[in-house]
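Read the structure below first, then the notes.
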Amino acid sequence: MGGRAGSWRSLSDSEGEETTSDPQPPLLDHQGAHWKNAVGFWLLGLCNNFSYVVMLSAAHDILSHERVPGNQSHVDPGPTPIPLNSSSRFDCNSVSTAAVLLADILPTFGIKLLAPLGLHLLPYSPRVLVSGLCAAGSFILVAFSHSVGTSLCGVVLASISSGLGEVTFLSLTAFYPRAVISWWSSGTGGAGLLGALSYLGLTQAGLSPQHTLLSMLGIPVLLLASYFLLLTSPEPQDPGGEEEAETAARQPLIGTEAPASKPGSSSGLSLQERWTVFKVWMVAVFELLFFRNTSLSHAQQYRWYQMLYQAGVFASRSSLHCCRIRYTWALAVLQCLNLAILLADMWFSFLPSIYLVFLIILYEGLLGGAAYVNTFHNIALETSNEHREFAMAAACISDTLGISLSGLLALPLHDFLCRLS
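Residue numbers are given in UniProt numbering: position 275 of the sequence shown equals residue 275, and the series is strictly consecutive.
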(Lines of atoms letter the chains of each structure in order from A and count residues from 1; the text may use other names and numbers.)
(Lines give C-alpha, C1' and ligand atoms only; values in the text may rest on other atoms or scores of the structure.)
Protein backbone atom coordinates (compact mmCIF):
# COMPACT_ATOMS: atom_id res chain seq x y z
CA MET A 1 0.00 0.00 0.00
CA GLY A 2 2.14 2.75 -1.29
CA GLY A 3 4.33 4.34 1.36
CA ARG A 4 3.39 1.81 4.00
CA ALA A 5 4.82 -1.11 2.00
CA GLY A 6 8.27 0.19 2.74
CA SER A 7 7.49 0.36 6.42
CA TRP A 8 6.43 -3.30 6.37
CA ARG A 9 9.75 -4.26 4.79
CA SER A 10 11.75 -2.18 7.26
CA LEU A 11 9.80 -3.67 10.14
CA SER A 12 10.56 -7.18 8.89
CA ASP A 13 14.25 -6.40 8.40
CA SER A 14 14.64 -4.82 11.80
CA GLU A 15 13.30 -7.90 13.55
CA GLY A 16 16.40 -9.88 12.59
CA GLU A 17 18.93 -7.28 13.77
CA GLU A 18 20.45 -7.05 17.23
CA THR A 19 20.16 -3.58 18.73
CA THR A 20 21.54 -2.06 21.87
CA SER A 21 19.00 0.75 22.08
CA ASP A 22 16.51 0.87 24.92
CA PRO A 23 13.30 -0.98 24.15
CA GLN A 24 10.26 1.07 23.27
CA PRO A 25 7.29 0.83 25.61
CA PRO A 26 5.20 -1.77 23.72
CA LEU A 27 1.94 -1.04 25.53
CA LEU A 28 1.98 2.65 24.65
CA ASP A 29 2.97 1.90 21.06
CA HIS A 30 0.18 -0.66 20.75
CA GLN A 31 -2.42 1.69 22.20
CA GLY A 32 -1.31 4.49 19.90
CA ALA A 33 -1.51 2.24 16.85
CA HIS A 34 -4.91 0.96 17.98
CA TRP A 35 -6.42 4.43 18.14
CA LYS A 36 -4.80 5.58 14.90
CA ASN A 37 -6.27 2.59 13.09
CA ALA A 38 -9.62 3.00 14.79
CA VAL A 39 -9.88 6.67 13.83
CA GLY A 40 -8.45 5.90 10.39
CA PHE A 41 -11.06 3.28 9.55
CA TRP A 42 -13.83 5.46 10.99
CA LEU A 43 -12.78 8.32 8.71
CA LEU A 44 -12.42 5.97 5.74
CA GLY A 45 -15.98 4.72 6.27
CA LEU A 46 -17.22 8.30 6.63
CA CYS A 47 -15.47 9.63 3.53
CA ASN A 48 -16.11 6.58 1.36
CA ASN A 49 -19.91 6.68 1.71
CA PHE A 50 -20.29 10.45 1.92
CA SER A 51 -20.72 11.19 -1.79
CA TYR A 52 -23.10 8.24 -2.18
CA VAL A 53 -25.36 9.57 0.59
CA VAL A 54 -25.25 13.15 -0.64
CA MET A 55 -26.37 12.07 -4.12
CA LEU A 56 -29.36 10.26 -2.60
CA SER A 57 -30.21 13.32 -0.51
CA ALA A 58 -29.98 15.48 -3.63
CA ALA A 59 -32.03 13.05 -5.75
CA HIS A 60 -35.23 15.10 -5.68
CA ASP A 61 -33.34 18.26 -6.62
CA ILE A 62 -31.46 16.48 -9.41
CA LEU A 63 -34.66 15.24 -11.05
CA SER A 64 -36.97 18.20 -10.51
CA HIS A 65 -34.74 21.23 -10.66
CA GLU A 66 -32.47 22.25 -13.54
CA ARG A 67 -30.20 25.07 -12.43
CA VAL A 68 -30.21 28.25 -14.44
CA PRO A 69 -26.82 29.86 -15.13
CA GLY A 70 -26.41 33.17 -13.34
CA ASN A 71 -29.14 32.46 -10.81
CA GLN A 72 -27.63 29.95 -8.41
CA SER A 73 -27.43 31.98 -5.23
CA HIS A 74 -30.32 30.18 -3.57
CA VAL A 75 -32.24 26.95 -3.74
CA ASP A 76 -35.83 26.83 -4.83
CA PRO A 77 -37.71 25.85 -1.65
CA GLY A 78 -40.25 23.89 -3.63
CA PRO A 79 -39.15 22.62 -7.05
CA THR A 80 -42.03 22.35 -9.46
CA PRO A 81 -42.78 18.69 -10.20
CA ILE A 82 -43.74 17.35 -13.58
CA PRO A 83 -46.62 15.03 -12.74
CA LEU A 84 -47.49 11.92 -14.68
CA ASN A 85 -51.09 12.57 -13.76
CA SER A 86 -52.26 16.01 -12.78
CA SER A 87 -54.91 14.45 -10.54
CA SER A 88 -52.40 12.27 -8.65
CA ARG A 89 -52.15 12.95 -4.93
CA PHE A 90 -48.44 12.07 -4.81
CA ASP A 91 -46.90 15.22 -6.37
CA CYS A 92 -44.74 13.12 -8.70
CA ASN A 93 -41.68 13.92 -10.76
CA SER A 94 -41.66 12.59 -14.30
CA VAL A 95 -38.79 10.30 -13.28
CA SER A 96 -38.61 8.42 -9.99
CA THR A 97 -35.79 9.14 -7.58
CA ALA A 98 -35.13 5.43 -8.00
CA ALA A 99 -33.33 6.48 -11.19
CA VAL A 100 -30.80 8.32 -9.02
CA LEU A 101 -30.61 5.31 -6.71
CA LEU A 102 -29.83 3.03 -9.66
CA ALA A 103 -27.18 5.42 -11.00
CA ASP A 104 -25.78 5.50 -7.47
CA ILE A 105 -25.74 1.73 -6.97
CA LEU A 106 -25.45 -0.19 -10.29
CA PRO A 107 -21.80 0.82 -10.95
CA THR A 108 -21.04 -0.15 -7.36
CA PHE A 109 -22.68 -3.52 -7.93
CA GLY A 110 -20.67 -4.06 -11.10
CA ILE A 111 -17.41 -3.27 -9.32
CA LYS A 112 -18.18 -5.62 -6.44
CA LEU A 113 -19.28 -8.36 -8.80
CA LEU A 114 -16.15 -8.16 -10.96
CA ALA A 115 -13.70 -7.44 -8.13
CA PRO A 116 -12.86 -11.10 -7.43
CA LEU A 117 -11.90 -11.56 -11.09
CA GLY A 118 -9.41 -8.75 -11.60
CA LEU A 119 -9.22 -6.19 -8.82
CA HIS A 120 -6.40 -8.14 -7.19
CA LEU A 121 -4.13 -6.99 -10.03
CA LEU A 122 -4.14 -3.49 -8.53
CA PRO A 123 -2.42 -2.72 -5.20
CA TYR A 124 -4.48 -0.90 -2.59
CA SER A 125 -2.95 2.56 -3.08
CA PRO A 126 -4.02 3.06 -6.74
CA ARG A 127 -7.52 1.90 -5.86
CA VAL A 128 -7.77 4.49 -3.09
CA LEU A 129 -6.49 7.23 -5.40
CA VAL A 130 -9.08 6.39 -8.05
CA SER A 131 -11.80 6.31 -5.41
CA GLY A 132 -10.87 9.77 -4.12
CA LEU A 133 -10.66 11.29 -7.61
CA CYS A 134 -14.05 9.88 -8.59
CA ALA A 135 -15.65 11.28 -5.44
CA ALA A 136 -14.27 14.75 -6.17
CA GLY A 137 -15.35 14.48 -9.80
CA SER A 138 -18.89 13.56 -8.81
CA PHE A 139 -19.33 16.69 -6.68
CA ILE A 140 -17.93 18.93 -9.42
CA LEU A 141 -19.92 17.38 -12.27
CA VAL A 142 -23.27 17.48 -10.48
CA ALA A 143 -22.60 20.98 -9.15
CA PHE A 144 -22.00 22.47 -12.60
CA SER A 145 -24.57 20.35 -14.43
CA HIS A 146 -27.51 21.95 -16.24
CA SER A 147 -29.28 18.74 -17.22
CA VAL A 148 -30.52 15.60 -15.53
CA GLY A 149 -28.39 13.40 -17.79
CA THR A 150 -25.15 15.15 -16.87
CA SER A 151 -26.09 15.06 -13.20
CA LEU A 152 -26.68 11.31 -13.41
CA CYS A 153 -23.18 10.92 -14.88
CA GLY A 154 -21.88 12.64 -11.77
CA VAL A 155 -23.91 10.25 -9.63
CA VAL A 156 -22.27 7.35 -11.49
CA LEU A 157 -18.84 8.71 -10.50
CA ALA A 158 -19.97 8.78 -6.86
CA SER A 159 -21.08 5.17 -7.21
CA ILE A 160 -17.72 4.11 -8.66
CA SER A 161 -15.96 5.84 -5.79
CA SER A 162 -18.13 4.24 -3.12
CA GLY A 163 -18.07 0.74 -4.62
CA LEU A 164 -14.34 0.65 -5.25
CA GLY A 165 -13.64 2.08 -1.82
CA GLU A 166 -15.94 -0.32 0.02
CA VAL A 167 -14.56 -3.49 -1.51
CA THR A 168 -11.02 -2.20 -0.98
CA PHE A 169 -11.36 -1.11 2.64
CA LEU A 170 -13.42 -4.10 3.73
CA SER A 171 -10.74 -6.38 2.28
CA LEU A 172 -8.13 -4.31 4.07
CA THR A 173 -9.76 -4.98 7.45
CA ALA A 174 -8.56 -8.59 7.15
CA PHE A 175 -5.03 -7.42 8.04
CA TYR A 176 -6.02 -5.46 11.15
CA PRO A 177 -7.66 -6.44 14.44
CA ARG A 178 -11.33 -7.35 14.14
CA ALA A 179 -12.28 -4.23 16.10
CA VAL A 180 -11.69 -2.06 13.03
CA ILE A 181 -14.81 -3.58 11.42
CA SER A 182 -16.92 -1.87 14.07
CA TRP A 183 -15.13 1.44 13.48
CA TRP A 184 -15.53 1.15 9.71
CA SER A 185 -19.24 0.39 10.08
CA SER A 186 -19.70 3.31 12.45
CA GLY A 187 -17.95 5.58 9.97
CA THR A 188 -20.23 4.52 7.13
CA GLY A 189 -23.18 5.25 9.40
CA GLY A 190 -21.67 8.62 10.21
CA ALA A 191 -21.42 9.32 6.48
CA GLY A 192 -25.15 8.76 6.19
CA LEU A 193 -25.98 11.09 9.05
CA LEU A 194 -23.45 13.83 8.29
CA GLY A 195 -24.00 13.63 4.52
CA ALA A 196 -27.78 13.89 4.72
CA LEU A 197 -27.70 16.43 7.56
CA SER A 198 -25.14 18.68 5.86
CA TYR A 199 -27.09 18.73 2.59
CA LEU A 200 -30.34 19.37 4.45
CA GLY A 201 -28.86 22.05 6.69
CA LEU A 202 -27.00 23.97 3.99
CA THR A 203 -29.92 24.01 1.57
CA GLN A 204 -32.36 24.93 4.35
CA ALA A 205 -30.04 27.81 5.21
CA GLY A 206 -30.43 29.11 1.64
CA LEU A 207 -27.26 27.80 0.01
CA SER A 208 -27.75 26.60 -3.56
CA PRO A 209 -27.32 22.91 -4.40
CA GLN A 210 -24.29 23.88 -6.51
CA HIS A 211 -22.48 25.64 -3.68
CA THR A 212 -23.53 22.95 -1.22
CA LEU A 213 -21.89 20.26 -3.34
CA LEU A 214 -18.75 22.30 -3.95
CA SER A 215 -18.37 22.86 -0.19
CA MET A 216 -17.97 19.09 0.21
CA LEU A 217 -14.82 18.76 -1.89
CA GLY A 218 -12.73 18.47 1.25
CA ILE A 219 -14.15 15.00 1.90
CA PRO A 220 -12.14 13.22 -0.84
CA VAL A 221 -9.00 14.95 0.45
CA LEU A 222 -9.73 13.65 3.94
CA LEU A 223 -10.17 10.15 2.51
CA LEU A 224 -6.70 10.17 0.97
CA ALA A 225 -5.13 11.68 4.08
CA SER A 226 -6.73 9.05 6.32
CA TYR A 227 -5.39 6.20 4.22
CA PHE A 228 -1.90 7.44 3.42
CA LEU A 229 -1.11 9.35 6.63
CA LEU A 230 -3.17 7.89 9.46
CA LEU A 231 -3.34 4.10 9.13
CA THR A 232 -0.40 2.20 10.59
CA SER A 233 1.30 -0.88 9.17
CA PRO A 234 -0.39 -4.13 10.19
CA GLU A 235 1.41 -5.65 13.16
CA PRO A 236 2.68 -9.25 13.13
CA GLN A 237 -0.10 -10.41 15.44
CA ASP A 238 -2.81 -8.98 13.19
CA PRO A 239 -4.79 -11.40 10.99
CA GLY A 240 -2.77 -12.19 7.91
CA GLY A 241 0.58 -10.96 9.22
CA GLU A 242 2.83 -8.32 7.72
CA GLU A 243 4.17 -10.40 4.83
CA GLU A 244 0.69 -11.41 3.75
CA ALA A 245 -0.54 -7.84 4.06
CA GLU A 246 2.26 -6.55 1.84
CA THR A 247 1.40 -8.93 -0.99
CA ALA A 248 -2.33 -9.34 -0.48
CA ALA A 249 -3.30 -6.71 -3.02
CA ARG A 250 -1.95 -8.96 -5.78
CA GLN A 251 -3.48 -12.19 -4.57
CA PRO A 252 -6.60 -13.44 -6.38
CA LEU A 253 -9.74 -13.24 -4.29
CA ILE A 254 -11.03 -16.49 -5.72
CA GLY A 255 -8.96 -19.56 -5.01
CA THR A 256 -9.23 -23.09 -6.31
CA GLU A 257 -10.85 -24.30 -3.11
CA ALA A 258 -13.94 -23.12 -1.33
CA PRO A 259 -13.26 -21.04 1.78
CA ALA A 260 -13.15 -23.16 4.89
CA SER A 261 -14.84 -22.06 8.06
CA LYS A 262 -13.31 -22.27 11.47
CA PRO A 263 -14.07 -25.42 13.43
CA GLY A 264 -17.48 -25.15 15.02
CA SER A 265 -18.64 -22.28 12.83
CA SER A 266 -21.86 -22.29 10.89
CA SER A 267 -21.57 -23.75 7.39
CA GLY A 268 -24.60 -21.76 6.27
CA LEU A 269 -22.91 -18.39 6.74
CA SER A 270 -22.37 -17.52 3.10
CA LEU A 271 -26.02 -18.12 2.21
CA GLN A 272 -27.94 -17.10 5.30
CA GLU A 273 -25.89 -14.15 6.48
CA ARG A 274 -25.43 -12.55 3.07
CA TRP A 275 -29.10 -12.74 2.21
CA THR A 276 -29.95 -10.98 5.45
CA VAL A 277 -27.88 -7.98 4.38
CA PHE A 278 -30.47 -7.29 1.66
CA LYS A 279 -32.16 -4.02 2.45
CA VAL A 280 -35.69 -3.09 1.54
CA TRP A 281 -34.58 0.26 0.18
CA MET A 282 -37.69 2.40 0.19
CA VAL A 283 -36.56 5.22 -2.07
CA ALA A 284 -39.79 5.29 -4.05
CA VAL A 285 -41.82 5.20 -0.88
CA PHE A 286 -39.81 8.11 0.54
CA GLU A 287 -40.46 10.19 -2.55
CA LEU A 288 -44.20 9.54 -2.64
CA LEU A 289 -44.84 10.00 1.09
CA PHE A 290 -45.95 13.59 0.62
CA PHE A 291 -47.95 15.48 3.26
CA ARG A 292 -49.59 18.67 2.07
CA ASN A 293 -50.72 19.91 5.49
CA THR A 294 -47.22 20.82 6.71
CA SER A 295 -44.90 23.79 6.36
CA LEU A 296 -42.31 21.63 4.59
CA SER A 297 -42.19 21.52 0.81
CA HIS A 298 -41.99 18.19 -1.02
CA ALA A 299 -38.25 18.53 -1.54
CA GLN A 300 -37.73 19.43 2.12
CA GLN A 301 -39.79 16.45 3.27
CA TYR A 302 -37.65 14.13 1.14
CA ARG A 303 -34.45 15.56 2.62
CA TRP A 304 -35.81 15.04 6.14
CA TYR A 305 -36.68 11.43 5.32
CA GLN A 306 -33.14 10.82 4.13
CA MET A 307 -31.59 12.51 7.16
CA LEU A 308 -33.71 10.57 9.68
CA TYR A 309 -33.03 7.26 7.95
CA GLN A 310 -29.30 7.92 8.00
CA ALA A 311 -29.46 8.99 11.67
CA GLY A 312 -30.91 5.58 12.50
CA VAL A 313 -28.24 3.85 10.42
CA PHE A 314 -25.48 5.74 12.21
CA ALA A 315 -26.84 4.91 15.67
CA SER A 316 -27.16 1.20 14.99
CA ARG A 317 -23.88 0.83 13.09
CA SER A 318 -22.14 2.34 16.11
CA SER A 319 -23.84 -0.01 18.59
CA LEU A 320 -21.80 -3.20 18.12
CA HIS A 321 -20.01 -2.79 21.46
CA CYS A 322 -23.36 -2.48 23.23
CA CYS A 323 -25.62 -4.88 21.34
CA ARG A 324 -24.76 -7.81 19.10
CA ILE A 325 -27.37 -9.68 17.06
CA ARG A 326 -26.70 -13.21 15.89
CA TYR A 327 -29.96 -13.90 14.03
CA THR A 328 -29.84 -11.04 11.57
CA TRP A 329 -32.58 -12.57 9.42
CA ALA A 330 -35.08 -11.16 11.93
CA LEU A 331 -34.01 -7.63 11.00
CA ALA A 332 -34.83 -8.28 7.35
CA VAL A 333 -38.31 -9.50 8.34
CA LEU A 334 -38.93 -6.30 10.32
CA GLN A 335 -37.77 -4.22 7.36
CA CYS A 336 -40.30 -5.96 5.12
CA LEU A 337 -42.99 -5.18 7.68
CA ASN A 338 -42.03 -1.50 7.58
CA LEU A 339 -42.30 -1.49 3.81
CA ALA A 340 -45.77 -3.05 3.99
CA ILE A 341 -46.95 -0.39 6.47
CA LEU A 342 -45.72 2.51 4.35
CA LEU A 343 -47.11 1.05 1.13
CA ALA A 344 -50.47 0.58 2.84
CA ASP A 345 -50.39 4.20 4.01
CA MET A 346 -49.69 5.38 0.48
CA TRP A 347 -52.77 3.52 -0.69
CA PHE A 348 -55.17 4.23 2.19
CA SER A 349 -53.62 7.36 3.79
CA PHE A 350 -54.29 6.23 7.35
CA LEU A 351 -51.26 7.86 9.03
CA PRO A 352 -52.52 11.24 10.30
CA SER A 353 -49.18 13.01 10.70
CA ILE A 354 -45.83 13.24 9.00
CA TYR A 355 -44.19 12.82 12.40
CA LEU A 356 -45.37 9.22 12.57
CA VAL A 357 -43.67 8.64 9.23
CA PHE A 358 -40.55 10.27 10.65
CA LEU A 359 -40.52 7.71 13.48
CA ILE A 360 -41.03 4.77 11.11
CA ILE A 361 -38.21 5.93 8.85
CA LEU A 362 -35.88 6.42 11.84
CA TYR A 363 -36.75 2.88 12.98
CA GLU A 364 -36.07 1.57 9.47
CA GLY A 365 -32.62 3.15 9.61
CA LEU A 366 -31.93 1.43 12.94
CA LEU A 367 -32.83 -1.94 11.42
CA GLY A 368 -30.74 -1.42 8.28
CA GLY A 369 -27.65 -0.29 10.17
CA ALA A 370 -27.90 -3.17 12.65
CA ALA A 371 -28.16 -5.70 9.81
CA TYR A 372 -25.03 -4.30 8.16
CA VAL A 373 -22.68 -4.18 11.14
CA ASN A 374 -23.81 -7.47 12.71
CA THR A 375 -23.56 -9.38 9.45
CA PHE A 376 -19.96 -8.34 8.83
CA HIS A 377 -19.11 -8.91 12.48
CA ASN A 378 -20.50 -12.45 12.30
CA ILE A 379 -18.51 -13.12 9.14
CA ALA A 380 -15.32 -11.93 10.86
CA LEU A 381 -15.97 -14.29 13.76
CA GLU A 382 -16.90 -17.35 11.71
CA THR A 383 -14.33 -17.34 8.92
CA SER A 384 -10.69 -18.33 9.14
CA ASN A 385 -7.95 -15.74 8.88
CA GLU A 386 -6.81 -16.83 5.43
CA HIS A 387 -10.31 -16.54 3.97
CA ARG A 388 -11.50 -13.40 5.75
CA GLU A 389 -10.38 -11.00 3.01
CA PHE A 390 -12.40 -12.91 0.42
CA ALA A 391 -15.42 -13.19 2.73
CA MET A 392 -15.52 -9.46 3.41
CA ALA A 393 -15.20 -8.53 -0.26
CA ALA A 394 -17.77 -11.08 -1.41
CA ALA A 395 -20.34 -10.43 1.31
CA CYS A 396 -20.72 -6.76 0.39
CA ILE A 397 -22.00 -7.86 -3.04
CA SER A 398 -25.28 -9.02 -1.51
CA ASP A 399 -25.88 -5.63 0.09
CA THR A 400 -25.54 -3.89 -3.25
CA LEU A 401 -27.59 -6.49 -5.11
CA GLY A 402 -30.50 -5.99 -2.73
CA ILE A 403 -30.44 -2.22 -3.24
CA SER A 404 -30.18 -2.64 -7.01
CA LEU A 405 -33.19 -4.96 -7.13
CA SER A 406 -35.27 -2.66 -4.97
CA GLY A 407 -34.35 0.30 -7.19
CA LEU A 408 -35.45 -1.61 -10.29
CA LEU A 409 -38.75 -2.48 -8.62
CA ALA A 410 -39.22 1.11 -7.48
CA LEU A 411 -39.33 2.47 -11.05
CA PRO A 412 -42.55 0.69 -12.14
CA LEU A 413 -43.99 1.15 -8.64
CA HIS A 414 -43.45 4.90 -8.92
CA ASP A 415 -45.17 5.08 -12.30
CA PHE A 416 -48.08 2.93 -11.15
CA LEU A 417 -48.74 4.96 -8.00
CA CYS A 418 -48.35 8.28 -9.79
CA ARG A 419 -51.11 7.30 -12.23
CA LEU A 420 -53.57 6.73 -9.40
CA SER A 421 -56.19 9.42 -9.10
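Glycine included, C-beta positions come from ideal geometry on N, C-alpha and C.
Distance check between L411 and each of T150, A103 and C153 places A103 closest, using alpha-carbon atoms only.
Around L217, the same chain offers A136 and F139 as residues with beta carbons nearer than 7 Å, after the five sequence neighbours per side are excluded. In this structure V167 touches L119 by the C-beta definition: roughly 7 Å separates them, less than 8 Å. If only uninterrupted alpha helix (DSSP H) runs of at least 4 residues are considered, those enclosed by the region 289-336 are 298-317.
Around the beta carbon of W304, 16 or more other beta carbons lie within 10 angstroms, which makes this residue buried. Here T97 carries a coil assignment [DSSP, helix/strand/coil].
By a beta-carbon distance limit of 8 Å, I111 does not contact F376. Their separation comes to about 18 Å. Of the residues I403, G132, T328 and C323, the one whose Cα lies closest to the Cα of L101 is I403. For F175, no alpha helix (DSSP H) encloses it, and the DSSP letter there is neither H nor E. With contacts defined as CB atoms closer than 9 Å, S316 and G368 qualify as a contacting pair.
Annotation for M55: D104, V155 and A158 place their beta carbon closer than 6 Å to its own, counting only its chain and skipping 5 residues before and after.
Under the Cβ criterion (8 Å, minimum of three pairs), the region 213-228 counts as touching the region 35-52. T108 counts as buried, since at least 16 other C-beta atoms from the protein chains shown sit within 10 angstroms of its C-beta. At a Cβ-Cβ threshold of 9 Å, T400 and A391 do not count as neighbours. The Cβ neighbour count for G206, taken over all protein chains shown within 10 Å, is under 16; the residue is labelled exposed. Cβ-Cβ distances below 6 Å link L46 to G187, G190 and A191 in the same chain, with the five nearest sequence neighbours on each side left out; the list follows chain order. Residues I62, V142 and S145 of the same chain have their beta carbon placed closer than 7 Å to that of S151, with the five preceding and five following residues left out of the count. Going by C-alpha positions, Y302 is about 11 Å away from F291. The closest CA to that of L194, considering only L43, Q335, F228 and W35, is found on L43. When the five nearest sequence neighbours on each side are left out, the beta carbons in the same chain lying within less than 6 Å of the beta carbon of Y227 are those of V128, in order along the chain. Straight-line spacing of the CA atoms in L121 and A33 works out to 29 Å. Rounded to whole angstroms, the Cβ separation of G365 and A311 is 6 Å, and the two are in contact under 8 Å. Take the alpha-carbon of C396 and the one of L170: they are about 8 Å apart. Under the 10 Å beta carbon count, L197 is surrounded by 16 or more other beta carbons and is classified as buried.
In this structure, the straight-line span from the alpha carbon of T212 to that of A59 is close to 14 Å. Pairing S295 with V313, the inter-Cα distance amounts to about 26 Å. Cβ atoms of I325 and A370 come within 8 Å of each other, at about 6 Å. Here the alpha carbon of D415 sits roughly 44 Å from the alpha carbon of H387. DSSP places S131 inside the alpha helix (DSSP H), whose first and last residues are Y124 to A143.
Considering only C134, L351 and W347, the residue with the shortest C-alpha distance to I160 is C134. One thing to note: L289 has its Cβ within 9 Å of the Cβ of L342. With a beta-carbon spacing of about 4 Å, V373 and S185 fall inside the 8 Å limit used to define contacts. Taken in chain order, the complete beta strand (DSSP E) segments of 3 or more residues contained in the region 212-237 number zero; there are none. In chain order, I62, L63, E66 and V95 place their CB closer than 8 Å to the CB of V148, counting only its own chain and leaving out the 5 sequence neighbours on each side. Just so you know, the alpha carbons of A115 and S398 end up roughly 13 Å apart. Exposed is the label assigned to A340, since fewer than 16 other Cβ atoms lie within 10 Å of its Cβ.
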